[in-house]
Structure formats: C-alpha cells, structure tokens
Amino acid sequence: MGEEVETASPEIIIPAEWTQAAESIAHDHSLPCPPIALICGPKNSGKTTFSRILLNTLLQDKSCGFM
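Counting in my numbering, the sequence shown runs from 157 upward without gaps.
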C-alpha cells in the first residue's frame, strides 16, 4: 500500500562566482572576525547552498581563530 520510492538527489552545480564570493568574504581582513553576512534572494535561488559553501570556507580559514 503506497510504498515510497527513494530517488537520487539532483546534482548540485556550484557557480564559480559563489566560490569566489565565499572566499572573498572569508579572507577579507577588513571585515569583523567572524564576518557577518546577510544571504537573501527569492525561493529556490540557492541561499542555503551558498550559506553552506560560505560556512565550509570559513571553517577552513584559521586566521580568525574562532573555530
């Protein structure tokens, strides 16, 4: 009765501009440490995906010393 079929998640393509933006935020030493960023945009525009990229970039940056 109504079995659920698991489907593969779609492939996530990360634009180079997102990676560059995350790196510029993480490595901009004129920003407070840790930097504060507001991620906004319409539904399904990639806000959560970009936020995860930014967080992972910040976690790799040891210059702040907060993690």
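For each residue, glycine too, the CB sits at the ideal point set by N, CA and C.
Same chain, Cβ closer than 8 Å to residue i, neighbours up to 5 away in sequence not counted
i	result
Asp184	Pro191
C-alpha distance - residue i paired with residue j, whole-angstrom precision
i	j	result
Pro181	Glu167	Here the sequence assigns Ile to residue 181, which means Pro is not the residue at that position. If you take the alpha carbons of Ile181 and Glu167, they lie about 25 Å apart.
Asn212	Thr175	11 Å
Ser219	Leu210	15 Å
Asp271	Cys189	Residue 271 is absent from the model: the chain starts at 157 and stops at 223.
Leu215	Ser186	18 Å
Ala172	Lys199	21 Å
Beta-carbon contacts of residue i that lie in its chain and below 7 Å, excluding the five residues immediately before and after
i	result
Glu195	It is Ile, not Glu, that sits at residue 195 in the sequence shown. These residues qualify, in order along the chain: Lys203, Phe206 and Ser207.
Exposure of residue i, with buried meaning 16 or more beta-carbon neighbours within 10 Å
i	result
Ala178	buried
beta-carbon residue i near the ligand PLP non-hydrogen atom, thresh 6 Å
i	result
Glu167	You won't find the ligand PLP in this model; it holds no ligand whatsoever.
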